[in-house]
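First up is the structure itself, then whatever we jot down about it.
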Amino acid sequence: MLNGTTCPASLLSIKDALEVLEGKWKLLILFVLSSGPKRFSQLSREIKGISDRTLSKELKLLEMNQLVTRTVTHTPLPEVHYEITPHGRSLAAVLDELHKWGLLHRSEIIRD
1 MLNGTTCPAS LLSIKDALEV LEGKWKLLIL FVLSSGPKRF SQLSREIKGI SDRTLSKELK
61 LLEMNQLVTR TVTHTPLPEV HYEITPHGRS LAAVLDELHK WGLLHRSEII RD
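Heads up, the final residue of the sequence shown is numbered 112 in our numbering, and it's a clean run with no missing numbers.
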């Protein structure tokens, strides 16, 4: 991976991934959803600092990229749930490694 060689195909795949996951919220949303389906209000509470408008926009983009599904229950009081798709779950290892690196980075910065 990081062996000092690059090729256009490698750069393209990294660019594609970054375009889908760009911004400060998408990975946080996926991380929160990794514990199971959540309602919009639950996501809003768990992700500090995100506005409802931004959360809605980011969820739509994640849904468009088939990383999240939106399910509406047809009951007298409809509920909307968001859940990671199998394709979205393919990011689990990436999220785990990013989490580990974030902990390492935080301790490195605080130590200095």
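Cβ coordinates follow ideal geometry from the N, Cα and C atoms, glycine included.
About 7 angstroms separates the beta carbon of S34 from that of A92, a gap short enough to meet the 8 angstroms contact definition. With fewer than 16 other CB atoms across the displayed protein chains lying within 10 angstroms of its CB, G49 is exposed. Rounded to the nearest angstrom, the gap between the Cα atoms of P76 and K100 is 43 angstroms. For I84, the enclosing beta strand (DSSP E) covers residues E79 to I84. Selection F40, M64 and V94 evaluated against E79 yields F40 as nearest (Cα-Cα).
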